[in-house]
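Numbering (our numbering), first residue to last: 66 to 555.
#1: Give a yes or no on whether the C-beta atoms belonging to residue 172 and residue 156 are separated by under 8 Å.
#2: Which residue spans inside the region 141–170 form an unbroken beta strand (DSSP E) run of at least 3?
#3: Could you give the distance in angstroms between the alpha-carbon of residue 364 and the alpha-carbon of residue 342?
#4: So, residue 219 versus residue 179, is the Cβ gap smaller than 8 Å?
#5: Does the distance from the C-beta atom of residue 262 to that of residue 290 stay below 8 Å?
#6: Helix, strand or coil: how does DSSP classify residue 247 here?
#7: Between the alpha carbons of residue 287 and residue 423, how many angstroms are there, rounded?
#8: Using a Cβ distance threshold of 8 Å, determine whether the region 204–222 contacts the region 308–321, with at least three qualifying pairs required.
#9: Go ahead and label residue 396 buried or exposed: buried means 16 or more other beta carbons lie within 10 angstroms of its beta carbon, across all protein chains shown.
#10: Would you call residue 371 buried or exposed, if buried means 16 or more other Cβ atoms sit within 10 Å of its Cβ?
#11: At the level of alpha carbons, what is the spacing between residue 100 and residue 125?
#12: Buried or exposed: which applies to residue 97, given that a residue is buried once 16 or more other Cβ atoms fall within 10 Å of its Cβ?
#13: Quick check on the burial criterion: 16 or more other C-beta atoms within 10 angstroms. Buried or exposed for residue 95?
#14: Apart from the five residues just before and just after residue 234, which ones in its own chain have a Cβ nearer than 6 Å to its Cβ?
#15: Please classify residue 386 as buried or exposed, where buried requires at least 16 neighbouring CB atoms within 10 angstroms.
#16: Considering only residues of the region 313–371, which uninterrupted beta strand (DSSP E) runs meet the minimum length of 3 residues and lie entirely inside it, listed in chain order?
#17: On the criterion of 16 or more Cβ atoms from any shown chain inside 10 Å, does residue 305 qualify as buried, or is it exposed?
#18: Is residue 84 buried or exposed, if buried means 16 or more other CB atoms sit within 10 Å of its CB?
#19: Identify the continuous alpha helix (DSSP H) that holds residue 191 and give its terminal residues.
#20: How do the region 157–169 and the region 178–192 stand: do at least 3 beta-carbon pairs fall below 8 Å, yes or no?
#21: DSSP on residue 77, reduced to helix/strand/coil?
#22: The beta strand (DSSP E) spanning residue 395 covers which residue range?
#23: Mind reading off the beta-carbon distance from residue 285 to residue 323? Whole number of angstroms is fine, and I expect it under 8 Å.
#24: Would you identify the three-state DSSP class for residue 92, choosing helix, strand or coil?
#25: Closer than 7 Å by C-beta to residue 164: which residues in its own chain qualify, once you throw out the five before and the five after it? Chain order, please.
#26: According to DSSP, is residue 488 part of a helix, a strand, or is it coil?
#27: In angstroms, rounded to a whole number, what distance separates the CA positions of residue 389 and residue 123?
#28: Please report the straight-line C-alpha distance between residue 400 and residue 408, rounded to a whole angstrom.
#29: Span of the beta strand (DSSP E) holding residue 380?
#30: Kindly give me the distance between the Cβ atoms of residue 339 and residue 478, rounded to whole angstroms, as I take these residues to be in contact under 8 Å.
#31: DSSP three-state label for residue 479, please.
#32: Could you have a look at residue 83 and say whether DSSP puts it in helix, strand or coil?
#33: Does the distance from the C-beta atom of residue 300 to that of residue 315 stay below 8 Å?
#34: Is residue 349 near residue 404, with beta carbons less than 8 Å apart?
#35: Could you tell me whether the Cβ atoms of residue 267 and residue 240 are closer together than 8 Å?
#36: Tell me the rounded alpha-carbon separation between residue 483 and residue 490.
Next comes the structure, spelled out in structure tokens:
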């Protein structure tokens, strides 16, 4: 659910507005074809908002209504997370078990045409309108893929997107596997049910939490998932707006359960003690980065995989009138140790490539998106990450088929299980070097997170001075990344 803000006022730059009025009048009087006032005003507002960052946008009447109604994770569309890069629409990640995923849409695909119509330079919200539609109707996407010489035509039949965000199964040697594909209203409660039944109630020897290609979602869901594995009342995440005090969100029921009922009550004791590995990749964004960051800061789990997407911002919906509004980035979020992951992402404790021979996808990250929000903590990191990302893209091995997470062929999952069992971990190909293996002892010499979960209690990380402020009264516990995430869902 998006956070909803009240209308605000600020001193207006009258001289600049007078110039705008002159441009407006000039277009009205001289443009070759008649243009309505509404068209011009909405175009101007779109220009104001859309150029701020990839996650801010103007919501017209139709989009505004969809935003207010889309709080249950059900809508008609394809099931993809998208962003904008250099005037084109890029696929951040297809959502599992949706028409897009089943049709073979891949992360990093560039949508160049929709039903034969060029998409270059089109506003994101205009593309959204084209992608959405009545269930059962067909759409033709033409995508550019780095592994293909020519654009690929993919026909997809729209459907109601009902996402089952939590899955689980038992692996050999009493190791559990839980995959969260998106953070929705029921994700935390569903996770609790899976944890109560996984292993038929018997304590597990290890647990793998899979957040790969998880584009994010509701903040309260991320808090609930984190709270399942850390001690109660611990700090999970903080948010900081431009002129407001730091808001601190704790691992308590009032923060993650909308009806104040504690769905984590009654979890088996082993849940907060079991050795854990969290799998992430460059498709892990926003809420999934909140969870990974919290578990990493508390040394509650070992983070494994590839560096995450790097979306460390919060969006709210601000009504302009009864029918329109803007989705605006208003704050950054910070891990318990005060780290901002905006445009940097979560760095794994153990880097492991997608397969033994290399990575499957060349994902766009937040830092790759035009006009992305910078990281105020690390001003130099943005360019450094861009250079690293460019180098990585040149060496990645593109796959010919979509990779299935949790399958018997899942290389990263195999390495997570190896780590939990104390066996050698094969990092695959993370550079031009040959595959290399590291033992558990070698891993723990670099980062002790893997063995920490056997300790009595993890120490709470000490927050920086700027995060020791009291939480202001009346904070909105449901402040979120916007409609399941800052990335737009089709």
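For each residue, glycine too, the CB sits at the ideal point set by N, CA and C.
Nothing here was measured: the structure is a model prediction, and the numbers come from that model.
Let me spell this out:
#1: yes
#2: 145–150, 153–159
#3: 11 Å
#4: no
#5: no
#6: coil
#7: 30 Å
#8: no
#9: buried
#10: buried
#11: 17 Å
#12: exposed
#13: exposed
#14: 242
#15: exposed
#16: 341–345, 367–370
#17: buried
#18: exposed
#19: 189–196
#20: no
#21: coil
#22: 390–399
#23: 7 Å
#24: helix
#25: 143, 144, 221, 222, 223, 224
#26: coil
#27: 8 Å
#28: 14 Å
#29: 378–384
#30: Wrong, their Cβ atoms sit about 16 Å apart, outside the cutoff.
#31: helix
#32: helix
#33: yes
#34: no
#35: no
#36: 6 Å
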